[in-house]
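Here UniProt numbering is used: the first residue of the sequence shown is 1, the next is one more, and so on. Virtual Cβ for every residue (Gly too), placed ideally from N, Cα, C. All figures in this text were calculated on a predicted structure; none of them were measured in a lab.
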Amino acid sequence: VPYQSISRLVNSYLSGLQIHEHADKQTHQCSGGTRRKLSFAMAMVGNPKVVLLDEPSTGMDPRSKRFLWDTVLASFQ
1 VPYQSISRLV NSYLSGLQIH EHADKQTHQC SGGTRRKLSF AMAMVGNPKV VLLDEPSTGM
61 DPRSKRFLWD TVLASFQ
């Protein structure tokens, strides 16, 4: 990922996954659902053609699931 694109990419995933309030936390301070969202965002860095997801929304509330799946779909369009 080009250096000048990193900030835009990070902000895009923070917004899409609704995790802005966790941006300055370490992962051990985050809930399991937030960790799953972060894991997905990290997997998408570099714009991969294929990403294998194993139940990424397990344990999330319905609203968080919707944000995650909307972001997954938008990432590949």
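The beta carbon of Ser64 sits closer than 8 Å to those of Gln18, Gly33, Lys37, Ser57, all from its chain and outside the five residues before and after it, given in chain order. Annotation: the UniProt domain "ABC transporter" (12-57) contains the following complete segments of the alpha helix (DSSP H) (minimum length 4 residues), in chain order: 32-44.
Note that the C-beta distance between Met42 and Ser75 is not below 8 Å. In the DSSP assignment, Pro2 falls outside any alpha helix (DSSP H) and carries neither an H nor an E. Counting the other Cβ atoms within 10 Å of the Cβ of Thr27 gives fewer than 16, which makes it exposed.
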